[in-house]
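Encoded as structure tokens, the structure appears first; notes follow it.
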Amino acid sequence: MGADVVLSKVDQHIKSMMLTYPTLFRSRLAALQHLFMTNGNGYEWNADGELVRLFESTRKQEMDYSDLEERKREVDRELAANHTGSLGRLFAGRAAALKREFSERRLIEADIDLYAVEHVMGEDQQSGVEWMKHFDPQWCVMRDAPFGALNPEWAAAAEETMQVASSAIWRHLGMYHDSFDRAKADAKWLRVYDQLEQILDKLDLTTGTKKRVAKQNEMAKKMIDEILAEQGQ
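When you line the sequence shown up against our numbering, it's residues 299 to 531, in that order.
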């Protein structure tokens, strides 16, 4: 698409996940959720504060189409039988659906670097909390994270993931309303939200995001005040 994309070590790992397991990881967020929010995900923290696989596995550098190619062989056999009527339409429909899946996967492959670093897929826009129903912060890799000694790139990726989850719960509980009452909120989601915020506070030891955002807000407020003063307001 013409955009210059620079991939960090974490981005490279996400890219590899998307190429190797395209049905599981169709987007950056899907990979991040597996890395930081899935219980027993096969990863652990190493001495350098990086997330590494417990067991070595072959990672592809090109998009895997083996599942689609296997289905294509079956579809080709069905079409070769030259069925007519409803059965013929059924097999033709399956062939059309498979063709679309091939096309979608090729489109992702064509811009894989961009997909690995940016949230560009529609499913990245989490509007609820259903996708987190089995998530428990006490049993994900963040439980054993070496906070304060994390690799900055991995800390930023973890923070990115926890912020998505925290924001989803914040919206679900209606915490943006002035009338929000913690005593009446769903106890389960409130507990998870508080735990996520605790994790984000610890990640901030490495990322410094809160201090940076506070400074940006302060500068923005100063600029607004100066503009209003010039306008005599």
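The C-beta atom is built at its ideal place from N, Cα and C for all residues, glycine as well.
Nothing here was measured: the structure is a model prediction, and the numbers come from that model.
By the C-beta density criterion, Trp452 is buried, having at least 16 other C-beta atoms within 10 angstroms. Proximity to Asp442 across Ala394, Lys500, Ser465 peaks at Lys500, based on C-alpha coordinates. Across the structure, Ala394 and Asp362 are spaced so that their CA atoms are roughly 20 Å apart.
Comparing C-alpha distances from Ile312 to each of Thr459, His381, Tyr491 shows the shortest one belongs to Thr459. With contact defined as three or more Cβ pairs closer than 8 Å, the stretch 334-353 and the stretch 383-398 are not in contact. Looking at Phe400, Leu377, Asn339, the one whose alpha-carbon comes closest to that of Ser364 is Phe400. In the structure shown, the three-state DSSP call for Arg357 is coil. Distances from the alpha-carbon of Asp411 to those of Lys520, Ser314, Arg510 put Ser314 closest.
The three-state secondary structure of Leu349, taken from DSSP, is strand.
If you compare the alpha carbons of Met473, Arg510, Lys509, Thr504 with that of Asp492, the shortest gap goes to Met473.
Nearest Cα to Asp434 within the set Arg392, Arg326, Ser464, Lys307: Ser464. Closest in alpha carbon position to Lys358, among Phe478, Gln310, Val304, is Gln310. For the 9 Å CB-CB criterion, Gly340 and Phe323 do not form a contact. Between Glu402 and Leu366, the alpha-carbon positions lie close to 12 Å from each other. Distances from the CA of Leu471 to each of Gln461, Ala379, Asp484 were compared; the closest alpha carbon is that of Asp484. Per DSSP, reduced to three states, the secondary structure at Glu407 is helical.
A direct Cα-Cα distance of roughly 10 Å separates Asn337 from Gln331.
For secondary structure counted as the alpha helix (DSSP H) over 4 or more consecutive residues, the stretch 483-509 holds these complete runs in sequence order: 485-505. CA-to-CA, the gap between Lys508 and Phe445 works out to about 16 Å. Glu416 sits in coil when the DSSP states are folded into three classes, being neither helix nor strand. Ile467 is a Cβ neighbour of Met430, given a cutoff of 9 Å.
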